[in-house]
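If you're matching positions, the sequence shown starts at 1 in our numbering and goes up one per residue. Every residue gets a Cβ at the ideal spot worked out from N, C-alpha and C, and that includes glycine. Below is one structure; the comments refer to it alone.
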Amino acid sequence: MAISSARPDVLLVPLIDVNWLVYAPFDPGRDFRVDPPKVEQSVGETRGLCRLLKDMTGGKYILSPHSGTYCRTGYYDGEMLDVYREAVADGAELSVHLHEEIKGAGTRYMERDHVTAVYLDCKRRLENAGIRPVAYRGGHYAYTPFMNELLPQTGIVIDCSCSPGGNHPDREAIWVHAETTGYYLPMNPRLPAAGQVRSKVFEIPIGCDGEGAAYKNLLHVEQSELYNLQRVWGVIRERARRSGQPQIVHSLFHTGSVGKPEWIERFKRFLAFVPDNGGEFVTTVEAKAAFDANLKENAA
């Protein structure tokens with residue numbers, strides 16, 4: 001279905017990782033440094049960012065709280081849960097976000113029993129707090145094919161792990177055959193989709209220019225500049241115009257970045273830019289519903 005002048009070119013999910021600033025398990029230049037998080041500080045940072053997002057997006061965003069080797073439950077307990085409930089009451093969503101890295105020694109993402117156990121624990125903690133997680137996101141864009149079975153079995157059918165073109169086998173982040181807009185993952189997303197059965201998992205990739213998976217190619221706010229984010233946005237918008245289909249993507253920001261004034265200012269300016277330039281903020285559930293509606297209309 002072609003885009004009408006009344007419809008947006010891009011449906012954007014602002015994705016917010018709930019995290020802390022010093023976390024570099026893959027970086028030998030920083031001695032694989034992983035400082036322990038200050039969860040109390042994160043509570044204030046997250047609450048403040050949620051208020052900003054309520055004002056600027058109408059509550060259309062998703063929080064992605066870190067759970068991993070070096071902070072398993074800190075962001076799934078205590079006052080953080082109060083912050084999440086407040087955000088959900090204002091329209092936001094929650095995802096489960098696993099970080100199964102071992103600093104300087106690889107990851108545990110391929111250990112299905114381990115991943116299943118920690119994923120289910122995170123999901124239960126949110127649900128016990130009255131919060132229904134609606135999506136999953138792998139740390140550093142990690143995603144293994146068995147997640148296409150695990151997620152739907154547990155009632156989650158949306159993923160936000162994809163960085164199109166990314167190829168990091170050491171991180172279990174292999175997206176060389178990914179699409180650049182929302183799509184249903186093939187059962188093995190590491191291989192070409194042709195000839196494969198599509199899974200029930202709807203993927204919302206990070207917005208990109210399709211020219212690579214470096215920071216400069218992505219809507220990763222902290223690791224870019226405003227002019228470059230606007231450039232990438234323009235490429236995505238042109239893709240929508242050429243295809244006649246609205247593009248469905250997410251942008252990435254982190255709660256740990258709130259203490260950097262230049263980063264939070266860049267994020268605010270990017271958010272202000274979106275609705276004036278063919279974009280509409282949506283939740284992941286709304287993004288999937290829009291895709292499904294287009295698919296149904298195109299098939300009619």
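Reference residue i; option with closest CA among the options
| i | options | result |
| --- | --- | --- |
| E172 | L120, S199, R112 | R112 |
| A178 | G279, V232, A117, P192 | P192 |
| I62 | V10, A135, A129 | A135 |
| V221 | K103, T57, I264, A142 | I264 |
| D310 | K60, T46, G138, H114 | With the chain covering 1 to 300 only, the question about residue 310 has no answer from this structure. |
| P166 | L151, P152, H140, R237 | Looking at the sequence provided, one finds Gly at residue 166 rather than Pro. Here the closest residue by C-alpha is H140. |
| L70 | F273, A129, E100, Y109 | Sequence check: residue 70 is Tyr here, not Leu. Measuring from the Cα of Y70, the nearest candidate turns out to be E100. |
| A214 | V197, V201, V232 | V232 |
| G29 | V13, G104, K216, M56 | G104 |
| H254 | T144, D9, G48 | G48 |
| P133 | A240, Y84, C50 | Y84 |
| V12 | K268, N298, R239, P246 | The residue you asked about is not Val; residue 12 is Leu in the sequence shown. Comparing Cα positions, the closest option is P246. |
| C208 | L185, S251, E225 | S251 |
| F202 | A240, I156, D121 | I156 |
| E149 | N19, A129, L185 | L185 |
| P189 | Y143, G234, I206 | Y143 |
| R376 | V274, H168, Y109 | Outside the displayed span of the chain (1 to 300) sits residue 376, for which this structure offers no information. |
| G256 | R7, V22, Y109, I174 | V22 |
| N19 | T57, S67, L295 | S67 |
| H168 | P152, M147, G138 | G138 |
Nearest-angstrom beta carbon gap, residue j and residue i [assumed within contact, 8 Å]
| i | j | result |
| --- | --- | --- |
| V88 | L81 | 10 Å between Cβ atoms; not a contact. |
| I158 | K54 | At roughly 21 Å, the Cβ-Cβ gap does not stay under 8 Å, so I158 and K54 are not in contact. |
| I248 | T154 | Not really, about 23 Å apart at Cβ, beyond 8 Å. |
| Y306 | L98 | Residue 306 cannot be examined here, being either before or after the span of the chain that is shown, 1 to 300. |
| I204 | C160 | 5 Å |
| G278 | V10 | 6 Å |
| I206 | L219 | 6 Å |
Endpoints, alpha helix (DSSP H) assigned at residue i
| i | result |
| --- | --- |
| D292 | 284-299 |
| E262 | 261-273 |
Host beta strand (DSSP E) of residue i (start-end)
| i | result |
| --- | --- |
| P192 | Here P192 belongs to no beta strand (DSSP E), and DSSP marks it neither H nor E. |
| P186 | 183-186 |
| G279 | 279-281 |
| P14 | 10-18 |
Residue i - partner residues in DSSP beta bridges
| i | result |
| --- | --- |
| S251 | P14 |
| A173 | H168 |
Can you list, in chain order, the stretches of the alpha helix (DSSP H) that have 4 or more residues and sit fully within the region 23-106?
39-57, 79-89
Would you list, in sequence order, the uninterrupted beta strand (DSSP E) runs of no fewer than 3 residues that lie entirely inside the region 94-164?
135-138
For the region 204-247, list the beta strand (DSSP E) runs that are entirely contained and at least 3 residues long, ordered along the chain.
none
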